[in-house]
Each structure stands twice: as structure tokens, then as C-alpha cells.
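One structure is given here, and the rest of the page talks about it.
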Amino acid sequence: MPSKPAKAKKEPEQPATRRQQAQAVYEATREVIGYVPRKQASQDDYDRIGFMSGLEVHQQLKTRTKLFCRCPAGRYNKSDDFDAEVIRHMRPTLSELGEYDGTALMEFKTRKEIVYRIKHGTACTYEVDDTPPFPVDREALDISILISLLCKLNIVGEVHITRKQYLDGSIPTGFQRTAIIGVEGEIALKNKKIRLIQLSLEEDSCREISDIGHVRVYKTDRLGMPLIETVTYPDMVNPGEVKEACDVIRFLNRSTGLVRTGIGAGRQDVNVSCKGGTRVEIKGVAHTRWIPELTHNESFRQWALLNIRRKLLDTISDTPAWRPGHEFLPYHFLNGTSFEPLKNAKKNKWKVMAINLPGFAGVLSHFTQPGKSFADELRDRLKVIACLERPNMICSEDLGESAEDGFFDKVSELLCTQAGDAQVVLWGPEDDMATALETVEERCRMAFEGVPNETRKSFADGTTIFERVLPGADRMYPDTDSPPIPLEDERIRQLGSNLPTAFISRYQQLKAWGIPEDTFTFLFKRNLYPLLVRCIEELDMDPVFTGTFFGHRVKWAEGRRKPSPEISYEVIFALFRYLKKEGLQPELAYRMLPLIFEHPKMDFESVLNVLKFKRISKEDLISNIPFLREKFRKISISQGEGAEGRWIMGQLWKMACGNMPLSELSALAYERA
Amino acid sequence: MSEDLFQGYKGEALQVLRRFNVRVWGQARIETSRGMFQGTVLPRAENDDDQHIVLKIATGYNIGIDVRTIAAMEETGYKKANYKIPEKQFPVTPGLPNVKLFGTGGTIASRLDYRTGAVIPAFSPGELYGAVPELADICNLETEKLFAVFSENMGPEQYKKLAVAIGKEIEKGVDGIVIGHGTDTLHHTGAALTFMVQNSPVPIVLVGSQRSSDRPSSDAALNLMHAMFTAGHSDLAEVMVCMFGPTSDEYGLLHKGTRVRKMHSSYRSTFRTIGDIPLARVTRKEITPMHPQYNHRRKDRNVKIIPTFDERVTMLYYYPAMKPDILDAIVDQGYKGVVIVGTGLGHVNKELYPAIERANKAGVHMYMTLQTIWGYVHMFVYDTGRDMMAKGIIPAGNMLPEVAFIKLGWALGQTHDREEVRKLMLTPINDEITEREPYNGYLVYQGGVPEVEEFVRKVHK
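One line per chain: the protein sequences are A and B, in this order.
Using numbering that gives the first Met the number 0, the first residue of the first sequence is number 0, and each one after it goes up by one.
Using numbering that gives the first Met the number 0, the first residue of the second sequence is number 0, and each one after it goes up by one.
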């Protein structure tokens with residue numbers, strides 16, 4: 000599609016449908032703001048829009064019990080497996096400094112009924128806020144101090160438990176108990192240092208089961224598990240760097256061996272802004288590989304919102320006086336439409352409201368994210384704040400499914416609109432209409448300011464949707480139920496005396512050994528570095544062989560069949576030690592590994608029996624070569640270079656594997672070939 | 000003066016603040032052997048140690064700095080927090096009932112207290128309206144702060160003042176009375192007011208909260224709405240305790256002041272009617288009576304205020320092998336009434352008999368109640384019971400121990416005549432002793448039993 004200038008919205012030459020016009024505006028505005036797909040973006044693009052990003056990396060700690068009660072940690076229930084339900088409503092309260100928090104007021108507006116599902120085995124009266132907290136779990140406190148020391152943070156003299164308000168219901172108390180362990184630290188990436196603001200120890204929240212209309216359901220199994228949050232300064236200047244920093248923090252956490260792994264054990268919130276934009280927090284990013292696309296798109300979304308602001312301020316001179324007009328549509332209005340959601344609204348006896356947005360033509364279809372426009376910003380907020388389930392809205396500039404063009408002509412007429420206006424039509428229960436109207440107006444007004452402070456939910460495709468208003472420091476309150484905990488120098492010294500080597504020096508050591516870089520992620524993710532060092536130092540193994548064995552073979556074996564839950568990587572060390580003691584070559588581990596993963600209890604001798612392994616002397620193996628060479632010449636399957644040597648190795652490797660270095664055998668097989 | 004500048008700091012921490020010339024609410028840069036810290040110096044709770052300075056850092060979190068690690072400190076600014084619940088004029092709506100709210104303290108409305116690090120009560124119609132604006136749709140409100148004490152500090156003096164104040168309001172024509180109260184002794188006050196304020200023509204509702212109102216999931220707001228609705232709109236002219244029915248935010252229960260007891264240290268649904276069923280269920284919109292009998296709201300103002308109390312009353316919680324010297328000491332100290340909380344059907348060991356006889360001779364009034372909480376004292380079942388009655392102990396039926404204590408103090412405040420006291424004690428004023436215990440008056444379900452688990456899964460706790 001050829002691009003058009005941004006203001007091409009005015010009457011095109013041949014009559015186009017509303018959808019085509021909207022599509023044209025979407026594409027034109029995408030071009031105007033200079034959006035480039037991430038794969039084609041360079042540092043220059045990010046510098047142009049002033050890309051800036053920081054991280055909040057959450058990591059669950061491997062403790063026996065939860066942080067403030069003695070329920071077991073790390074036990075999960077299926078959503079429909081529960082013993083009781085408790086209902087709560089949340090009300091905003093004042094912060095310590097006497098302010099109400101914006102998020103709190105928004106959540107109050109949504110009038111949500113929160114249902115908590117409780118399973119006796121994983122939650123007690125503490126989780127549902129019917130018992131005050133028990134003393135903080137010492138194990139968790141020690142782990143968080145240890146990791147703070149690894150991050151070079153300044154450790155506080157006294158830990159103060161603080162309440163951080165969350166009115167979405169994700170925690171039944173309405174606040175998370177959290178405490179700062181250290182401030183002002185740093186981590187090293189390959190080519191730069193990233194500064195850290197702080198590390199806190201906190202309790203994990205509930206897992207959401209559903210959120211439909213005015214009812215949100217949570218389960219309480221994960222609630223209260225100890226979690227650390229590492230917060231960086233916004234020092235990252237491109238999406239790749241954000242991912243790298245996130246990986247480094249996660250690997251550093253894992254290098255202690257004291258944190259949980261697996262789905263949901265590590266999550267991150269990514270803060271992004273562009274020049275002139277505001278800090279927007281993308282919540283709960285489950286995989287670091289999603290980070291580049293998400294941060295890329297968010298920085299351009301903000302860039303697009305700033306363009307919308309310019310556009311609006313050009314056309315609307317008196318923004319404080321700006322008012323949307325609205326009318327409820329009588330049902331006969333809907334008679335002609337074949338658009339399902341509208342027919343449905345009528346069937347449900349819902350209210351249907353049409354809103355005129357003066358001066359918003361060409362804004363609703365303005366590009367914001369790939370496949371999304373400004374109208375989606377309204378839709379997302381209607382769902383979250385006014386509790387209108389999607390589809391909840393159409394507009395005069397829809398990119399996707401919408402009502403017939405004629406419908407909006409009638410709406411325009413009813414609302415007495417002018418050229419340059421845009422219209423939205425939304426529907427839902429009557430009780431929610433006032434909030435819905437307020438929500439639309441509020442978001443449109445924010446467009447005059449630029450980028451609203453908010454938290455956004457991420458999707459695998461790299462786009463995000465509105466989740467909540469971004470909470471500020473106003474939601475903090477001292478926890479009157481918990482006394483402060485002093486941290487003595489002696490204890491910090493003890494914890495600091497046994498630190499694992501810093502992540503960056505591990506990285507450099509792997510490179511010095513010549514281990515291929517494609518193994519690093521797996522090695523750090525599974526915290527295999529300490530084991531690797533032991534193999535090399537204690538068993539005198541070849542670093543490249545061992546590194547590749549872990550980084551490729553073990554990874555492959557895990558991917559192929561799920562390892563038995565009893566398996567520990569320690570078994571691999573034992574295997575190498577066994578092979579060394581038996582005078583066998585480490586390559587034999589290639590063949591043994593899959594079996595060991597499947598049957599961790601089988602002893603190594605039995606594994607060799609299953610594999611029908613025979614001990615054959617080097618001389619006997621080599622003595623086969625002349626015979627096979629003769630054979631090859633007779634059958635002579637292929638004539639290419641090295642074909643003979645390859646064929647001979649093919650015949651011999653299984654027999655030879657473990658009995659002599661394969662490289663040695665191969666050299667002999669290829670000789671004279 | 001130093002009180003204001005260094006709120007709560009003492010000893011070494013105070014010295015350090017003075018030495019570096021840094022005030023509370025001052026923004027400070029602190030150099031320590033653990034690195035640099037920056038933030039606002041906050042007041043310190045009085046009972047915390049003198050080794051740390053509390054700092055609010057830029058992200059809103061509080062941390063403590065060990066004074067022994069501090070090398071240098073510099074004040075770079077000053078900003079005092081102004082903690083105030085937004086106050087708004089409580090609107091007057093014609094047609095809505097007029098309710099009077101008496102404040103005694105407790106967590107129904109509260110704010111942070113730096114002195115103790117705990118929460119202290121905040122209270123005025125404006126503050127309440129700012130925090131719970133829904134109240135204005137329920138009634139017109141007038142408030143009066145009688146005392147500001149936590150409920151464990153409530154006692155006979157307060158009961159009497161409260162009773163007198165209630166009497167005055169009723170005479171003035173109020174439509175209902177709510178008393179904000181800490182929860183720990185809410186049931187003691189419930190009993191006291193039942194005896195001291197008799198024949199009230201309007202509802203008298205005691206209310207508290209198990210979670211302070213500075214928490215988003217506090218039960219304070221909903222309890223307050225339930226209580227105001229009951230006081231303004233219900234037909235129940237009783238002294239009642241209004242607190243959560245289930246721990247869920249669903250409905251409140253109205254318990255008779257004489258039959259209610261706090262049964263859990265921290266649950267929201269901690270108050271239970273014992274040996275009977277509650278008076279009614281209340282939501283924000285309606286009141287559903289449960290009890291077949293109750294006193295109805297009246298137009299007249301014929302309330303009877305009897306604000307008496309003799310504080311020479313005590314309770315004796317019996318334990319196996321209790322020695323008689325305990326009871327002797329009570330008598331020697333001049334106590335005139337003893338409520339014994341006995342085992343089983345109302346027993347104490349034989350070793351006490353001589354002491355009981357001695358107390359009886361000294362004119363001490365002794366009444367028997369039960370550790371079992373539920374059930375009646377039955378002193379005729381075993382010989383020992385008959386022995387004790389012969390020695391002067393009077394069985395108090397199914398009166399709850401705390402209620403018996405309050406009633407004995409109230410009765411002795413009027414007379415010390417043995418027969419008069421006995422008559423006052425055993426003639427129920429409002430079901431403190433009931434003629435019968437309904438079958439559903441005792442329901443303590445046992446968790447783990449399959450049918451109970453099934454019930455709990457379906458019905459919100």
C-alpha cells in the first residue's frame with residue numbers, strides 16, 4: 000500500500016470505506032513517526048527517539064516455607080482444586096505521607112469483588128489476612144543479603160518491613176509486605192556497567208484465575224512465597240541491552256543455587272520511556288526473549304502518542320474546555336445492523352452509548368503498536384476500569400470488525416458532529432456506563448498531555464495492553480505489625496565470606512577456556528558453572544569438551560525427554576568420575592546420558608550393559624582398520640573425498656566410543672584416504 | 000523542644016543526629032562503612048533501640064541505618080509530612096435518620112502514630128466522611144469523642160460515662176447510637192451497657208474492626224456502614240455488637256450484648272453469639288432478623304440509666320490443684336465479689352472448700368460460671384457441686400463468665416444485700432441467662448470432617 004501524508008484523512012478521491020480510510024491513516028502515521036521493525040532498527044533509531052529502559056527483576060527464593068507464615072513454599076494447586084473461598088473488597092487508604100495513590104483510586108472505581116480460593120495445604124489464616132505476620136523467614140533474609148552483596152549493594156543497617164499497596168486484589172491484605180535489603184549497587188554486562196537502585200525482599204502475590212465483569216478470582220498457593228526484586232536504573236539504551244541486563248541479573252541470582260527455577264519462578268517488569276515520554280511499566284514478562292520486541296514496541300508507542308499530542312494541540316486550542324458529547328442509542332437504532340456485538344448488547348438489554356470526540360478524527364486510527372491504534376487504548380481501559388468485557392467498543396475509524404458505515408453516519412447525525420470529530424460507540428450494563436464515559440473522557444484528555452503513567456500487560460507477539468495506573472511512592476506505609484530487624488556487621492561478613500564468583504568473571508573464564516558462546520545461556524540458566532569447574536579441576540577434563548557436553552548434549556537430552564524429577568546434575572560429575580576411574584574415555588558419556596536421565600537410579604555398570612558396551616583394547620580397535628579399508632574398496636558405496644574414512648568411522652565409532660579417544664581413531668581412519 | 004526536632008530518638012542515635020546537625024524530617028546524605036544512603040529522616044518508635052536512624056528513601060521504602068557505621072551525615076533539605084485524612088463536611092440529608100457516634104478509641108478509624116509505631120484513632124464526622132463517603136447515604140451523623148483509649152483500657156469508669164452520655168442522647172431524640180470501640184473488650188462493654196442502659200427505645204450498636212482502617216482490606220468501613228444502617232434504620236431496640244458474620248466482605252451479624260464473645264485473636268469474624276443465635280443479619284441495604292424475639296424500636300424516650308459499679312469484683316479461673324491461698328488472698332484484699340470460672344459443669348477441687356467457706360463467712364458473693372463457654376452450670380449432678388452450693392457458691396446458669404463479672408460489679412454497685420444481689424444476678428435483664436439453649440446455639444464445626452469440608456467449600460467463611 001502506498002503511503003500517504005498524515006493528514007490524508009480528508010475526503011479521498013474515490014469513495015473509500017471507513018475501514019480503508021482508517022487503514023490508510025494507520026499506515027501513514029506509522030510512517031510519520033518513523034516506526035521501523037525491530038530487526039531493522041539500529042542504535043541511531045533508538046537514539047533518535049531517546050529509548051531508555053530499566054528493569055525490576057523478580058526471583059523466588061528456594062526456602063522451605065513462605066516469608067511471613069510457615070506454610071510450605073513452592074506447592075501449587077490447580078485452579079478448581081480448593082477447599083474454601085473468601086471474598087474481599089479493597090478501599091484506598093492514605094500513605095504514610097498522607098496522600099492517596101492514583102492506582103488505588105482507579106481500582107476503587109472499578110468496584111471489583113475479589114474471590115480468593117484457599118487450599119488447606121498451601122494457605123493458612125495469614126494468607127487471607129486473618130492473622131498478623133509471623134517473624135520473617137531467616138533463610139530468605141540471608142539469601143537476599145547474599146545476593147545483595149553479589150550486586151555490590153550497600154546493605155541497610157536495619158530492615159524495615161513496609162506495606163506497598165496493591166488494590167487490584169492480588170494480595171488479600173491490599174498490600175505487599177516488602178523490605179529493602181540494599182541500595183546503590185551495580186552489575187557488569189559484557190561492555191558496560193548497569194547501576195542498581197535497590198534490592199528488596201518481598202512476599203509473592205496470588206495467581207489470577209479469571210477476571211470477568213466485576214468479579215476477579217485468585218488462588219492463594221503462591222501468595223506469600225519469598226521473592227527478591229532487583230531494580231536497575233534506566234541505564235539501558237536499546238532493547239538488546241535490556242535483555243542482556245535481565246539475563247545477567249537472572250544468572251547471577253541462579254549462581255547462588257538458592258533460588259527457585261521453573262515457570263513463574265523468575266519474572267520481570269520492564270520500564271520503558273522515550274524522549275518526552277513517561278515511565279511505563281510492562282508487567283510480568285515471563286521470558287527474557289520477549290523483552291527486545293516489547294521494549295521496542297513500547298518506545299515507539301510512546302513516540303506515537305507524542306505525535307498524537309502534537310496533532311491534537313494543533314487542532315484543539317482550548318483543551319481545558321474540551322468536552323465529549325454523548326447520547327444513549329435507542330434500540331431501534333440497532334435494528335439495521337448485522338454487527339454481532341451490537342445485536343448482543345440489545346439482546347442483553349444493555350445500554351449502548353455513542354460518544355462524540357471533537358477534533359479526534361485521524362487520532363483513533365493513529366498507529367500505536369503493530370496492528371493497534373489509539374482506539375485500542377480506549378478499549379483496554381474500558382475493560383479494566385469500567386469492567387466492560389471485550390468487544391466493548393467500536394469507533395468511526397476501526398481497523399478491524401465494526402458496524403456498517405451507514406451506522407456511524409446515523410450516529411454522527413444524532414450527536415450533531417462536525418468534520419474533524421470522531422465517534423465511539425460502547426455498550427454494557429447500565430451501572431457501568433457512568434464510569435465508562437468518564438474513562439473515555441479521561442483517556443482522551445491524557446492524549447493532550449502525551450503518555451499516561453501506566454503499567455501494561457505483555458503478550459508474546461510483543462504488544463501490550465493497559466493494566467493499571469502506575470502507582471507511585473505514595474502507596475508505601477510502614478508495617479505496624481512487624482518490628483525492624485537489625486543486620487549486624489558480623490552476619491554480613493559471614494554471608495559475604497562465601498560468595499560465588501561474580502557472574503562477569505565466570506563469563507570471561509568460559510571465553511578464556513574457548514568454550515563456544517552458544518552454550519553460555521544454558522550453563523548459566525541451569526547454574527552448571529560450578530559443576531563445570533569441578534569437572535575441569537578435579538577430574539582434569541578438557542574444558543571445551545566438558546563445556547560443550549553440558550551446553551549441547553545435556554540440553555539436547557533434556558529437550559528430548561523430560562528428565563526424571565529425582566535427577567540432579569551431580570550425577571554427571573559422578574559419571575565422569577566413574578569413566579575416569581575405569582580408564583574409559585569421556586565420550587562414552589554421550590551414549591550413557593539419555594539412559595541415565597531416564598533411569599537416575601541405575602548404576603553406571605548396568606547402563607553400560609544395557610548399551611551392550613564391551614571393553615576393547617586400543618590395539619584391537621586399530622587392527623580393524625586395514626580390514627575395513629579393504630572392505631570399503633570392494634563395496635565402494637561412494638567415492639567422495641574422505642568417504643572411506645567416514646565409512647570406517649561409522650563402522651567403528653560405537654565400538655570405540657569410550658575405549659579410545661575418537662579423535663585418535665578418526666585420524667587413523669582418514670589416513671591415506 | 001528536642002521532642003519536636005528528634006521525635007522518638009534517644010541515646011546514641013540522638014547523639015549522632017545532634018552531632019551532625021540533622022533533624023527528623025530532614026533530607027540527609029549519610030556516609031557509612033556500608034556505603035552511601037540518602038533519604039528523609041523519619042521519627043522513630045519509642046520502644047525501638049537507640050542504634051538506628053530511620054530513613055525514607057526516594058522509592059518510598061523505609062530503611063534503618065546503624066549509627067555505629069555512620070562516618071558523616073549532612074542535611075540537604077527539610078520536608079515534614081502532613082498526615083491527615085481528607086476532611087469533608089458531613090452532609091445533612093433531610094429524611095435520613097439522625098445517628099450519634101460515640102468514639103472511645105480503637106481501630107475503627109485510625110492513623111499512624113510514630114511514638115509507638117502503631118496506629119492511633121482518628122475520628123471526626125469530617126474525617127469519617129472523607130474515608131467512608133457512603134455513610135452520608137445512610138444517615139445524618141453527629142460524633143462525640145468520649146475517650147481515646149484502646150479497648151483493653153476500657154473499664155467501669157468508662158462504662159458509666161458512656162451510659163450517662165447515651166441516656167442524654169436518647170432524651171434528646173436521636174434515632175440510634177453507634178459506639179466505636181476496640182474489639183478486645185467489646186463484649187464486656189456490650190454487657191455493661193445492657194445493664195446500665197435499660198429499656199432503650201432505639202438501637203445501641205457497638206462496632207469495631209479487626210483490621211485497622213489504614214489497610215485497604217480493612218473491615219472498618221463495612222462494619223461502620225452496617226452499624227450506622229442498624230442504628231438508623233433497624234427495628235431492634237437492643238444493645239448490640241455489630242461485626243463481620245463471615246471473614247468475607249459479605250454481611251455483618253448483630254449479636255446481643257449479653258450473649259456475644261470474641262472467639263479468635265485476629266479473625267474478622269471473631270464475634271459469635273454463644274448458646275443462642277444472633278439477633279439479625281445486616282448488609283448495606285437490609286436487616287434480616289434471625290432471632291424470633293427482640294425488643295422493638297419505640298417512639299417514647301423512657302430509658303432507664305443505672306450507672307453503678309463496684310470495682311471490688313474479680314474473676315478466678317480455676318485450674319487443677321489450685322491452692323486455697325489464692326482465694327484467701329482475694330478475700331483479704333477486700334474483694335466483695337468473685338466470679339469463679341470452673342471446669343466441666345462448674346467444679347473446683349476439694350482443697351478450696353475451706354477457703355470458700357471462709358470467703359462466704361466474710362460476705363463475699365461467689366458465682367459459678369464455666370470454662371467450657373457453652374452450656375449451663377449444673378451443680379446438682381455431682382455431690383461436689385451440692386457441697387459447693389452449701390458453702391455459698393451460686394450457679395449462674397449459662398451466663399458467660401465475662402458477663403457475670405460485669406453484672407456482679409454492676410449489682411454490687413447497687414446493693415451488698417445477699418438476697419438482693421442474688422435476685423439481680425439471676426433475673427435476666429436481656430438473656431444473659433436463657434431458659435433454654437436452642438440446638439443450633441452450639442455450632443463449632445470440626446474441620447477435616449468430609450461433610451464440613453463440603454460445606455466450607457460452598458459457603459463463604
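Ideal placement from N, C-alpha and C gives every residue a C-beta, glycine not left out.
From a predicted model like this one, the values you see are computed outputs, not experimental measurements.
Counting only Cβ-Cβ distances below 9 Å, Ile154/A has contacts in chain B at Arg33 and Gly34, in chain order.
Less than 8 Å separates the beta-carbon of Tyr669/A from that of Gly644/A. DSSP places Gly181/A in the strand class (E or B) of the three-state scheme. Non-local C-beta neighbours of Val230/A in its own chain, meaning closer than 6 Å and more than five positions away in sequence, comprise Glu55, Ile196 and Gln197, ordered along the chain.
Contacts with chain A (Cβ-Cβ distance below 9 Å) from the segment 45-57 of chain B involve Asn46, Asp47, Asp48, Gln50, His51, Ile52, Val53, Leu54, Lys55, Ile56 and Ala57, listed in chain order.
Secondary structure of Pro291/A (DSSP, three-state): helix. With a 10 Å radius around the Cβ and a threshold of 16 neighbouring Cβ atoms, Gly274/B comes out buried. The Cβ-Cβ distance between Pro90/B and Phe308/B does not fall below 8 Å. With contacts defined as CB atoms closer than 8 Å, Leu341/A and Val351/A qualify as a contacting pair.
Between the segment 392-411 of chain B and the segment 254-268 of chain B there are three or more C-beta pairs closer than 8 Å, enough to call the two in contact. Listed along the chain, the chain A residues whose CB falls inside 7 Å of the CB of Lys460/B are Ala83 and Val85. It is roughly 11 Å from the alpha-carbon of Ala418/A to the alpha-carbon of Gly361/A. Under a criterion of Cβ atoms nearer than 8 Å, the residues of chain B adjacent to Gln197/A are, in order, Ile56, Thr58 and Tyr60.
DSSP places Glu401/B outside any beta strand (DSSP E); the residue lies instead in the alpha helix (DSSP H), whose first and last residues are Pro400 to Leu411.
Those residues of the segment 253-267 of chain B placed with their C-beta closer than 9 Å to a C-beta in chain A are His263, Ser264, Ser265, Tyr266 and Arg267, ordered along the chain. At a beta-carbon threshold of 8 Å, none of the residues of chain B lie near Pro134/A; the nearest stands roughly 16 Å away. Val443/B and Ala135/B have their C-alpha atoms spaced approximately 38 Å apart. Of all residues in the segment 432-457 of chain B, only Glu452, Val455 and Arg456 come within less than 7 Å of chain A when Cβ atoms are compared, listed by chain position. Cβ neighbours of Arg297/B within its own chain (closer than 7 Å, five residues either side excluded): Pro200 and Ala236. Against chain A, the beta carbon of Asp248/B has neighbours under 7 Å at Ile86, Arg87 and His88, listed in chain order. Going by DSSP, Ser504/A is part of the alpha helix (DSSP H) stretching over Phe502 to Trp512. For Ala418/A, the three-state secondary structure derived from DSSP is coil. Cβ neighbours of Arg267/B within its own chain (closer than 6 Å, five residues either side excluded): Gln209, Asp218, Phe243 and Thr246. By a beta-carbon distance limit of 8 Å, Gly179/B contacts Gly102/B. Their separation comes to about 5 Å. Distance from the CA of Lys613/A to the CA of Gln508/A, rounded to the nearest whole angstrom, comes to 37 Å. Rounded to whole angstroms, Glu536/A and Gly513/A show a C-alpha spacing of 16 Å. In the DSSP assignment, Phe366/A falls outside any alpha helix (DSSP H) and within the unbroken beta strand (DSSP E) covering Phe366 to Gln368.
The Cβ neighbour count for Met35/B, taken over all protein chains shown within 10 Å, is under 16; the residue is labelled exposed. Collapsing the DSSP output to three states places Asp268/A in a strand. Inter-residue distance for Leu578/A and Pro625/A is about 29 Å (C-alpha atoms, whole angstroms). If you check each beta-carbon in the segment 193-216 of chain B against every beta-carbon of chain A, the ones closer than 9 Å belong to Gln209, Arg210, Ser211, Ser212, Asp213, Arg214, Pro215 and Ser216. In terms of Cα proximity to Gly184/A, the closest of Leu610/A, Ile146/A, Arg69/A and Leu620/A is Ile146/A. Three or more Cβ pairs closer than 8 Å define a contact, and the segment 244-259 of chain A falls short of that threshold against the segment 270-278 of chain A. Between Val312/B and Leu423/B a beta carbon distance of about 13 Å is seen, past the 8 Å cut, so the two are scored as non-contacting. If you check the CB distance, Pro483/A and Glu243/A do not come in under 8 Å. With the rule of 3 Cβ pairs closer than 8 Å, the segment 168-176 of chain B does not count as touching the segment 316-328 of chain B.
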